[in-house]
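These protein sequence lines map, in sequence, to chains A and B. Per the numbering used here, the first sequence starts with residue 345, numbered consecutively. Per the numbering used here, the second sequence starts with residue 755, numbered consecutively. Using N, Cα and C, we set each Cβ at its ideal position, and we do this for glycine too.
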Amino acid sequence: MIQVSHLFKSFDDKEVLKDINATFKNGQINLIIGQSGSGKTVLMKNIVGLLTPTKGQILYDDRDFVSMPKKEKILLRREMGMIFQSAALFDSLTVLENVMFPLDMFSDLSRDERVKRAQLCLERVNLKGTDKKLPAELSGGMQKRVAIARAIVLQPRYLFCDEPNSGLDPKTSIVIDELIQGITHEDQITTIVNTHDMNSVMGIGENITFICEGRAEWQGSNKEIMDATNKPLQDFIFSSDILRQAKIAYDEQKITRK
Amino acid sequence: MISLKRSLTELGQYVQTMGRTLAVPDRMRMFYKQYVTEMYQLGYNSIGLVLIISFFIGAVICLQIKLNIQSAWMPRMVVGYTTREIMLLEFSSSVMCLILSGKVGSNIASELGTMRITQQIDALDIMGVNSANYLILPKILGLMTMMPVLVTLSVFAGIVGAYATSFMGITTIPELDEGFRYDFNQWFFWCGMIKAVVYAFIISSVSAFKGYSVVGGSVEVGKASTDAVVASSILVLFADVFLTQILT
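Here is the structure:
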């Protein structure tokens, strides 16, 4: 479980995160949603340690990430896996070498064992037989799947995904969502996904934190989101015609049932 | 005032980055792999350029001295002797490094800058890898290993270029032979080697810092690449003045 309490982050005079409080549960898909510029990427960068908060606490299973010594931070980072918006695969390495990289750096396994483990992870994301390809030879969806394989190769306790569906078609987005969901449930890891994809919100959002203008405005599940009364959340979720109509149909159905 | 503050800030960031770079690698196996790759990419891949430029510069220096300086009052060996000393003392050790700062410096800065903007460096940091140490140290040590080799090859290519002028009928092999062998001071060769190692550190560390600290997109990567070449060239020239004073 990851707990964020009273988190503030400023860049010069601009306060981007204002007193964020949120809990990200173990074995669940925790989504951070919000409009572009609302501060969700800054929040995630603070959680993973790419940025240092101005004030506040980030607890990884009761271990304070902000105040812990640098050496402990490095060790904690080895329990994290991250999937970036751009996949962030190493251009000069093949698919297999990319997935093997964390093992090469941090494990004492023999080469054969490392190769076997990396291939297993590639199989898990349905990318068997792509070992020798370079990232540039893969489609966007395949690159994201390699990034997932690389993120899970060390069996992390915490998985972070920064807009994993950006630039993907709806069908591939669902495949990526299902993969992340499957891994989270099977391995019982704490997964935080930064997204503004409504399909992901409705499909896999077990614990959703809505960020608006640097504040955590609402927290709940995808089942609760339809009944949420928070105005900025409603404006954000039901901004498209299709979802607005779905909401109207849902409300009507609720009245009829009553 | 603002530019002074910016320069000092940048100097501080450079020192901090070097502090993280010059540490014991997390995994020696991975370091050696990167080190060999960098020696190949930065050093081996520059051999062609070094040989071509040095060959022609050696030939041109020889021709200039023969046609413009040598006279009936000067001994025959002046052409070979002067060509050797220019190649050994200044061209191969300093000017060649200055030329290489363009090729190698922009290569390093653009590679690391692209890695930064595509979040590959962030990915390393998240994994708990000391990204500066993993990416920059093999480049610095790789170039510091290869630069003396390149300087040596440059001296030889220059001398071969000078010999080649004899086929044009302007000089003769015996007069060049005499000059090349006249009063050879071995220390001048070692001066070139020391200079090469220092310049290799300047070029690789400054260019790597410029690329590693890129913020923004492709325009900033281009700017970092240009800044890397300009900054490392100026620093090489500064270092040249001091090293020449100290070593000779």
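The C-alpha of B/K893 is placed about 25 Å away from the C-alpha of B/F910.
When C-beta atoms of the region 467 to 478 of chain A are compared with those of the region 393 to 405 of chain A, fewer than three pairs fall below 8 Å, so the two segments do not count as touching. Contact between B/S847 and B/G946 holds: their C-beta atoms lie close to 4 Å from each other, under 8 Å. Straight through space, the alpha carbons of A/E557 and A/N538 are spaced by roughly 15 Å. In the three-state DSSP reduction, A/N538 falls in the strand class (E or B). DSSP lists A/N374 as the bridge partner or partners of A/N551. The C-beta distance from B/V858 to B/L817 rounds to 29 Å, too long to fall under 8 Å, and the pair is not in contact. Residue pairing by DSSP places A/V348 opposite A/A366, A/I402 in a beta bridge. At least one CB of chain A lies nearer than 9 Å to the CB of B/Q873. Between the alpha carbons of B/A950 and B/V769 lies a distance of about 22 Å. Per DSSP, A/D595 lies in no beta strand (DSSP E); the unbroken alpha helix (DSSP H) holding it starts and ends at 585 to 601.
A/F450 belongs to the set of residues whose beta carbon lies under 9 Å from a beta carbon in chain B. Taken through DSSP and simplified to helix, strand or coil, A/S354 comes out as strand.
In this structure, the CA atom of B/V975 is about 32 Å from the CA atom of B/L907.
By the C-beta density criterion, A/F409 is buried, having at least 16 other C-beta atoms within 10 angstroms.
It is roughly 50 Å from the alpha-carbon of B/C851 to the alpha-carbon of A/Y404. Shown here, A/R559 sits in a strand according to DSSP, grouped into three states.
Only S430, A432, F434, P446, D448, M449 from the region 429 to 456 of chain A bring a Cβ to less than 7 Å from some Cβ of chain B. Residues of chain B with a Cβ closer than 8 Å to the Cβ of A/R458 do not exist, since the nearest Cβ in that chain sits about 11 Å away. Residue contact with chain A for B/D981: absent (no Cβ-Cβ distance below 9 Å to any residue of chain A).
For A/L478, none of the residues of chain B pass the 7 Å Cβ criterion, the least Cβ distance being about 14 Å. Close partners of A/R421 in chain B (Cβ separation under 7 Å): I880, M881, G882.
Spatial neighbours of B/P829 in its own chain (CB-CB distance under 6 Å, excluding positions within 5 residues in sequence) are not present. Any Cβ of chain A closer than 9 Å to the Cβ of B/T763 would place that residue at the interface, and such an atom is absent. Per the coordinates, the alpha-carbon of B/A982 lies some 29 Å from the alpha-carbon of B/R781. Below the 9 Å Cβ cutoff, chain B contributes I880, M881, G882 as neighbours of A/M424, in chain order. Between the beta-carbon of A/L387 and that of A/I364 there is about 6 Å, and that keeps the pair under the 8 Å contact cut. For A/Y502, no alpha helix (DSSP H) run applies; the uninterrupted beta strand (DSSP E) run containing it begins and ends at 502 to 506, by DSSP. Using a CB distance below 8 Å, the part of the region 760 to 786 of chain B facing chain A consists of D780, R781, R783, M784, ordered along the chain.
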